[in-house]
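Residue numbers (the numbering used here), protein chains in the order written: chain A, 79 to 224; chain B, 54 to 253.
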Amino acid sequence: MKKFDLELTVGLFIIAGMICLGYLSIKLGKMEVIGGKGYDIHALFSDTGGLKSGSPIIIAGVDVGRVKSITLDNYQARVILYLTENVKIQEDAIASIKTKGLIGEKYVEITPGGSEKVIEPGGRIRETQPAVDLEELISNYVFGKI
Amino acid sequence: MNLTYLFRSLMSLLLVLGITAPGLAGEPTEKIRQTTDKILSIVSNSALKDPSKAKERRKLIRSAVDERFDWDEMARRSLATHWAKRTAEERKEFVRLFADLLERTYMKKVEDYSGEKVLYGEETKDGDHARVKIRIVTKKNKDIPVEYRFKKEGNDWLIYDVSIEGVSLVNNYRTQFNSIILQSSYENLVKRLKDKAELK
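Rendered as structure tokens:
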């Protein structure tokens, strides 16, 4: 009887531990920001510079969403952005791809515009700037072009 | 080479034309071609090369630019979230200060044109918006990609943004204006723009 109790207790502890671990990893992982309600919009970039799904979307240094998916659309990158519900993007907002530090991960930065029109769910951010290819820039300005 | 210097000097070159690419071109491309041709003829006009004619020449260049650039749209996009709170008079004043800021920043470089080539590239239409890509080739054979962004106004196509090497002019000023306004005030931004104008 005692042995059975011991084994049962150990088993329950392990299960409890695994549930806690699972909860922790979901909470701390990508799921965190898109836990609440949100909506999709998309933008076309000529060069995403290695942006990935799950990359953050940032306005004024604040996390406001995640990149949902990136596909090729007529040789441009079609990036679907998932934004938290209460964040409104103006029609003339500019989305650019920046790097954390000089060679860190890529993220999408949105600078809000001055238009009264707001982009509807499913809409598109028209104004985009591609990722800056640092190596190409350096080589152009150091060596010039032939 | 200093990137800012390059950016500034080449920004002006977007208004300057050398050899035009032959072939079919859409309306926006034609519009920018006309404007640059006009400016080129002003800059190459020997009758205007005399220093006494400098003011007149600048006025001519400025009015050619005014035909093609939508200052209201550019100023509004640059002031961004701070535009809504401005009164009608403040907005009018800001558009004027903004246009003058750009003129002060780039006019000299336009006047310093010395035979750089402009090659016209792809035009893409997107409803009542359009983009025209060009390449400026400097005398040292540096190739700079520039993109004009147009919006259709009635029968005309006007420019509301210019990108050099993928960096937008509007975004550049938007970030700066926002930073100044948040750190001090809109009034302070206006004061700074006015002070700079006085220095001219």
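All C-beta atoms in this analysis are idealised placements derived from N, C-alpha and C, irrespective of residue type, glycine included.
*DSSP three-state assignment for residue 219 of chain B, whether helix, strand or coil*: Reading the second sequence from its first residue, position 166 is the one you call residue 219 of chain B. Coil, per DSSP.
*To the nearest angstrom, how far is it from the Cα of residue 125 of chain B to the Cα of residue 143 of chain B?*
Working through the second sequence from its first residue, we reach residue 125 of chain B at position 72. Working through the second sequence from its first residue, we reach residue 143 of chain B at position 90. If you take the alpha carbons of residue 125 of chain B and residue 143 of chain B, they lie about 12 Å apart.
*Residues of the segment 125-136 of chain B with Cβ closer than 7 Å to any Cβ of chain A, in chain order*: 129, 130, 132, 133, 134, 136
*Apart from the five residues just before and just after residue 252 of chain B, which ones in its own chain have a Cβ nearer than 8 Å to its Cβ?*
Looking up residue 252 of chain B in the second sequence gives position 199. Taken in chain order, the list of residues that qualify is empty.
*asked:* Is any non-hydrogen atom of the ligand GTP found closer than 7 Å to the C-beta of residue 176 of chain B, if you look at the structure I gave you?
replied: The ligand GTP is not part of the structure shown, which contains no ligands of any sort.
*Quick one: which chain B residues come within Cβ less than 9 Å of residue 207 of chain A?*
Counting from 1 along the first sequence, the entry for residue 207 of chain A is found at position 129. The contacting residues are 216, 219, 220, 221, 224.
*Have a look at residue 121 of chain A and residue 197 of chain A and give me their C-alpha separation to the nearest angstrom.*
Against the first sequence, residue 121 of chain A aligns to sequence position 43. Against the first sequence, residue 197 of chain A aligns to sequence position 119. Roughly 11 Å between the two C-alpha positions.
*asked:* Does the contact criterion of 3 or more C-beta pairs under 8 Å hold for the segment 166-175 of chain A versus the segment 108-120 of chain B?
replied: no
_Among A:144, A:191, A:118, A:115, whose alpha-carbon lies nearest the alpha-carbon of residue 131 of chain B?_
As a working note, residue 131 of chain B is residue 78 in the second sequence. Comparing Cα positions, the closest option is A:191.
*Between the C-alpha atoms of residue 187 of chain A and residue 103 of chain B, what's the straight-line distance to the nearest angstrom?*
Position 109 of the first sequence, counting from 1, holds the residue named residue 187 of chain A. Position 50 of the second sequence, counting from 1, holds the residue named residue 103 of chain B. Between residue 187 of chain A and residue 103 of chain B, the C-alpha separation is close to 48 Å.
*With a cut-off of 8 Å, does the C-beta of residue 142 of chain A fall near any C-beta of chain B?*
Taking the first residue of the first sequence as 1, we reach residue 142 of chain A at position 64. By this cut-off, residue 142 of chain A is not an interface position.
*If we cut at 8 Å on Cβ distances, does residue 197 of chain A have a partner in chain B?*
Within the first sequence, residue 197 of chain A is the residue found at index 119, counting from 1. Cβ-Cβ to chain B under 8 Å: no for residue 197 of chain A.
*Can at least three beta-carbon pairs, one atom from the segment 165-179 of chain B and one from the segment 187-204 of chain B, be found at a separation below 8 Å?*
yes
*Give the DSSP-derived three-state secondary structure of residue 88 of chain B in the structure shown.*
Counting from one through the second sequence, the residue named residue 88 of chain B turns up at place 35. It is helical.
_So with CB distances below 9 Å, who are the chain A contacts of residue 227 of chain B?_
For the purposes of this step, residue 227 of chain B is identified with residue 174 of the second sequence, where counting begins at 1. Per Cβ cutoff of 9 Å: 172, 189, 190, 191, 192.
*Taking only the alpha-carbon atoms, compute the straight-line gap between residue 210 of chain B and residue 79 of chain B and give it to the nearest angstrom.*
The count along the second sequence starts at 1 and reaches residue 210 of chain B at position 157. The count along the second sequence starts at 1 and reaches residue 79 of chain B at position 26. If I take the Cα positions, the gap works out to 11 Å.
*Could you tell me if residue 88 of chain A is buried or exposed, where buried requires 16 or more neighbouring beta carbons within 10 angstroms of its beta carbon?*
What you label residue 88 of chain A is simply residue 10 of the first sequence in a count that begins at 1. Burial call: exposed.
*Give a yes or no on whether the minimum CB-CB distance between residue 224 of chain A and chain B is below 8 Å.*
Residue mapping note: residue 224 of chain A aligns to position 146 of the first sequence, counting from 1. Confidence is the limiting factor: at residue 224 of chain A the pLDDT is only 49, short of 50, which leaves the residue's position unreliable and the question unanswerable from this model.
*Indicate the three-state DSSP secondary structure (helix, strand or coil) for residue 216 of chain A in the structure shown.*
In the first sequence, residue 216 of chain A corresponds to position 138, counting from 1. It is helical.
*asked:* Pull the bridge partners of residue 206 of chain A from the DSSP assignment, please.
replied: For the purposes of this step, residue 206 of chain A is taken as residue 128 along the first sequence, with counting starting at 1. Paired residue(s): A:173.
_Here's the rule I'm using: 16 or more other beta-carbon atoms within 10 Å means buried, otherwise exposed. How should residue 105 of chain A be labelled?_
The residue labelled residue 105 of chain A in the question sits at position 27 within the first sequence. By the 10 Å Cβ count, residue 105 of chain A comes out exposed.
_In whole angstroms, give me the CA-to-CA distance for residue 228 of chain B and residue 203 of chain A._
Within the second sequence, residue 228 of chain B is the residue found at index 175, counting from 1. Within the first sequence, residue 203 of chain A is the residue found at index 125, counting from 1. So the alpha carbons of these two residues sit roughly 18 Å apart.
*Does the Cβ-Cβ distance between residue 163 of chain A and residue 117 of chain A come in under 8 Å?*
In the first sequence, the residue the question calls residue 163 of chain A occupies position 85. In the first sequence, the residue the question calls residue 117 of chain A occupies position 39. Cβ distance < 8 Å, so residue 163 of chain A and residue 117 of chain A count as in contact.
*asked:* Helix, strand or coil, according to DSSP, for residue 141 of chain B in the structure here?
replied: Along the second sequence, read from residue 1 onward, the residue named residue 141 of chain B stands at position 88. Helix at residue 141 of chain B.
*How would you call residue 231 of chain B, buried or exposed, if buried means at least 16 neighbouring beta carbons within 10 angstroms?*
Against the second sequence, residue 231 of chain B aligns to sequence position 178. With 16 or more Cβ atoms within 10 Å of its Cβ, residue 231 of chain B is classed as buried.
*asked:* Rounded to the nearest angstrom, what separates residue 82 of chain A and residue 101 of chain A at their Cα positions?
replied: Residue 82 of chain A sits at position 4 when you count from the first residue of the first sequence. Residue 101 of chain A sits at position 23 when you count from the first residue of the first sequence. Near 29 Å, if we compare the C-alpha coordinates of residue 101 of chain A and residue 82 of chain A.
_Cβ-based neighbour list, residue 148 of chain A, same chain, cut-off 8 Å, excluding 5 preceding and 5 following_ = As a first step, residue 148 of chain A must be located in the first sequence, where it is residue number 70. Once the five neighbours on either side are set aside, the close Cβ partners of residue 148 of chain A are 126, 129, 130, 131, 155, 156, 157, 158.
*asked:* What does the alpha-carbon distance come out to for the pair residue 306 of chain A and residue 101 of chain B?
replied: What the structure shows of chain A is the stretch from 79 to 224, and residue 306 of chain A is not part of that stretch, so it cannot be assessed.
*When DSSP labels each residue in this structure, what does residue 167 of chain B get in the three-state scheme?*
Locating residue 167 of chain B in the second sequence gives position 114, where the first residue counts as 1. Coil at residue 167 of chain B, not helix or strand.
_Can you look up residue 124 of chain B in the DSSP assignment and give me helix, strand or coil?_
Here residue 124 of chain B refers to the residue found at position 71 when the second sequence is read from its first residue. In the structure shown, residue 124 of chain B sits in a helix (DSSP, three-state: H, G or I).
*asked:* Tell me which residue opens and which closes the alpha helix (DSSP H) that residue 272 of chain B is part of.
replied: Coverage of chain B is limited to positions 54 through 253, which leaves residue 272 of chain B absent and any answer about it impossible.
*Among A:135, A:189, A:144, which has the Cα closest to the Cα of residue 135 of chain B?*
Here residue 135 of chain B corresponds to residue number 82 of the second sequence, with the count starting at 1. Residue A:189 is the option with its Cα nearest to residue 135 of chain B.
*For residue 149 of chain A, which beta-bridge partners are listed by DSSP?*
Along the first sequence, one-based indexing puts residue 149 of chain A at 71. Answer is A:156, bridged to residue 149 of chain A.
*When burial is assigned at 16 or more other CB atoms within 10 Å of the CB, is residue 140 of chain A buried or exposed?*
Here the question's residue 140 of chain A lines up with position 62 in the first sequence. With fewer than 16 Cβ atoms within 10 Å of its Cβ, residue 140 of chain A is classed as exposed.
*For chain B, is any of its Cβ atoms less than 8 Å away from the one on residue 156 of chain A?*
Counted from its first residue, the first sequence places residue 156 of chain A at position 78. So no, residue 156 of chain A is outside the interface.
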